[in-house]
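Chemist: There's a structure below that I have some questions on.
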Amino acid sequence: MKLHLKTYVLLAVALVLAALNAWTVSPAAAPTALPSLPGVIPDDVTKIVISSPIERLELDRTAFEKGKPEAERWQIVAPLDYAADVAQVRALLRVYGLAVPMDARIDEGNLKDYQLEDQDAKVVELYTTGATPALQVTVGRTVGPNTAFVRLPGSSMVYRAGVGPRERYDQAAADWRDRVVLDVPAASVTRLVLRRAEDELTFDRGAAGAWAVASSTQTKPFAVDAETVESVVRTLGRIRAGDIHNAAFPGGFEAPLGSATLTAGAEVHTLTLGSESTPKSAYVKVDNRPEVFQVSGQLGRLLMLPLTGFRDRGMFRFKAEALSGLTLTEGSITIAIQRGDDGWTVTQPANMDVDSKLADGLAAALAGLRAAAIPEDNAFASVTGRLLLQKKDGSTEKLEIGPAEKDAEGHALVRVRTASGVYLLPAATLREIERVFGR
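Next up, the structure:
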């Protein structure tokens, strides 16, 4: 059979179309998979090296007990010789605890553009056993809050990966020093001694755990505010320095402001507060260590807390269920509420309602009401209002309300008086009391 020219042309067109169709439906070549850094279990790491051609930081694990983070210890062995900050080391190791995938392939070569040339980059090595690192990566310029440019050993390929900012690896060796100045659990402390120019106070924890004044150079033993003593013990016992200075730093230790001694079993620790301390920063020395530690000013304020700051700030002593009625008088206005079987009702004035849930909350708050502070002058010049507390047994207690004022830190307070003394109450607490009465 003889084929015509037209048939050949149509056959050629059909073959071309078939080829094009086969090419369009065939799957595209899969993109090259990006590599990952191997995960290294933090507990297995025994040495960390962060280096460049001109500097080398080495951190060695010196103590470890699995399941007991408090037993872990790290040491800076180059270029300094100091205990290392365990929390800081653990934060670094957490980055590499799981495999770190490369987020993107950025470039090949041109290492200078990414701060990945040998003289500019930082090489990070994590060792577990043996002389070969379990992980090695070269870190370049920061890209984002938790990412940087990186390259892998023996490669000039530039990637982006979540290894943290470059600044983490550029820290000086001194910045890796252990900043935990003291770590004494508050529950283990049985004695606190405060020595200041004006007095010396000794507090002992009894067998039941309650604090009491063992001795005072200025006054007879008094009822102690246990929460305040416990707060002081907790703050003084767990100190982390914001900065560490050498022994010659002018912190004011020729004439210190005061000192505190904590006794916990066989351990006895003494903190000395330098006179150059400010409201924002306190300078302390601990035991016989030569360094000067810069810590929060809160520590200095607690160490120098006046005697009145340790007095019991509990204003009332009764159970909330004992209250039968409350009467608030402010100026010419008097509002009285009474508790009944069906809740609280207003007995004065007429045509007024009270929220029983709010009144129950107020009764509970009054039963355990604590002052923000006790004024050192113990003065109470004028009365602006009164709250009368009536009890089911027929007895009454009274809270006299004085003028508003502010403390040294600008907190709004109200001076109040009860049968047990004069106190400073947060202004917000008084507003909550007034709200129950529709004020």
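Take the sequence shown: its letter number 328 is residue 313 in our numbering, and every next letter is one higher.
Quick reminder that beta carbons are idealized off the backbone N, C-alpha and C, glycines included.
1. Are Leu258 and Ala251 touching if we call contact CB-CB under 8 Å?
2. Using a 10 Å radius around the Cβ and a threshold of 16 neighbouring Cβ atoms, would you call Gly24 buried or exposed?
3. For the stretch 109 to 119 and the stretch 84 to 100, state whether three or more C-beta atom pairs, one from each stretch, are separated by less than 8 Å.
4. Could you tell me the distance, in whole angstroms, from the CA atom of Leu410 to the CA atom of Phe365?
5. Should Leu415 be labelled buried (16 or more other beta-carbon atoms within 10 Å of its own) or exposed?
6. Assign Thr381 to one of two classes, buried (16 or more other C-beta atoms within 10 Å of its C-beta) or exposed (fewer than that).
7. Between the Cα of Gly328 and those of Ile320, Gln156 and Asp340, spot the shortest distance and give me the residue it belongs to.
8. Decide if the stretch 300 to 316 is in contact with the stretch 358 to 378; the criterion is three or more beta carbon pairs, one per stretch, under 8 Å apart.
9. Can you list, in chain order, the residues of its chain whose CB lies under 8 Å from that of Ala404, leaving out five sequence neighbours each side?
10. Candidates Leu44, Trp59 and Leu284: which alpha carbon is nearest Glu50's?
11. Do Val148 and Val80 count as a contact pair if the criterion is CB distance below 8 Å?
12. Are Val71 and Glu43 close, meaning C-beta to C-beta below 8 Å?
13. Could you tell me the alpha carbon to alpha carbon distance between Ala321 and Val214, rounded to whole angstroms?
14. Could you tell me if Arg402 is buried or exposed, where buried requires 16 or more neighbouring beta carbons within 10 angstroms of its beta carbon?
15. How is Ser216 classed by DSSP in three states: helix, strand or coil?
16. Could you give the distance in angstroms between the alpha-carbon of Val109 and the alpha-carbon of Ile33?
17. Give the straight-line distance between the Cα atoms of Phe422 and Leu313, rounded to the nearest whole angstrom.
18. So, is Gln279 buried or exposed, given that buried needs 16 or more other C-beta atoms within 10 angstroms?
19. Ordered along the chain, which non-local residues of its own chain (more than five positions away) have a Cβ less than 6 Å from that of Pro206?
20. My output table needs one value for Asp88: the three-state DSSP class, helix, strand or coil.
21. By the DSSP assignment, the alpha helix (DSSP H) with Tyr408 in it spans what residues?
22. Give me the DSSP bridge partner(s) of Gln323.
23. Tell me the residue span of the beta strand (DSSP E) that contains Lys107.
24. On the three-state DSSP scale, how would you describe Leu288?
25. With distances taken Cα to Cα, identify the nearest neighbour of Gln323 among Glu315, Thr332, Ser317 and Gly406.
26. Is it the case that the Cβ atoms of Val174 and Thr246 are separated by a distance below 8 Å?
27. Quick one: residues in its chain with C-beta nearer than 6 Å to the C-beta of Val399, no 5 flanking neighbours on either side, listed in chain order?
28. Within 10 Å of its beta-carbon, does Gly94 have 16 or more other beta-carbons around it, so buried, or fewer, so exposed?
29. At 3 residues or longer, what runs of the beta strand (DSSP E) sit wholly inside the stretch 196 to 273?
30. How big is the Cα-Cα spacing for Arg190 and Pro64?
31. Roughly how many angstroms lie between the CA atoms of Ala305 and Ala350, to the nearest whole one?
32. When the Cα atoms are used, what is the spatial distance from Ile229 to Val277?
33. Using the Cα positions of Arg46 and Val30, report the straight-line distance between them to the nearest angstrom.
34. Quick one: Cα of Asp103 to Cα of Leu284, how far?
35. Could you tell me the alpha carbon to alpha carbon distance between Ala344 and Glu385, rounded to whole angstroms?
36. Inspect the beta-carbon positions of Trp196 and Ala182 and report whether they are closer than 8 Å.
Modeler: This is what the structure holds:
1. no
2. exposed
3. no
4. 13 Å
5. buried
6. exposed
7. Asp340
8. yes
9. Glu382 and Lys383
10. Trp59
11. yes
12. no
13. 38 Å
14. buried
15. helix
16. 8 Å
17. 7 Å
18. buried
19. Val198
20. strand
21. No alpha helix (DSSP H) contains Tyr408, which is instead part of the beta strand (DSSP E) from Gly406 to Pro411.
22. Gly310 and Thr330
23. Lys107 to Tyr112
24. helix
25. Thr332
26. no
27. Ala389, Leu410, Ala412 and Leu415
28. exposed
29. 196 to 201, 223 to 225, 228 to 230, 243 to 249, 252 to 258 and 266 to 271
30. 45 Å
31. 8 Å
32. 6 Å
33. 8 Å
34. 45 Å
35. 19 Å
36. no
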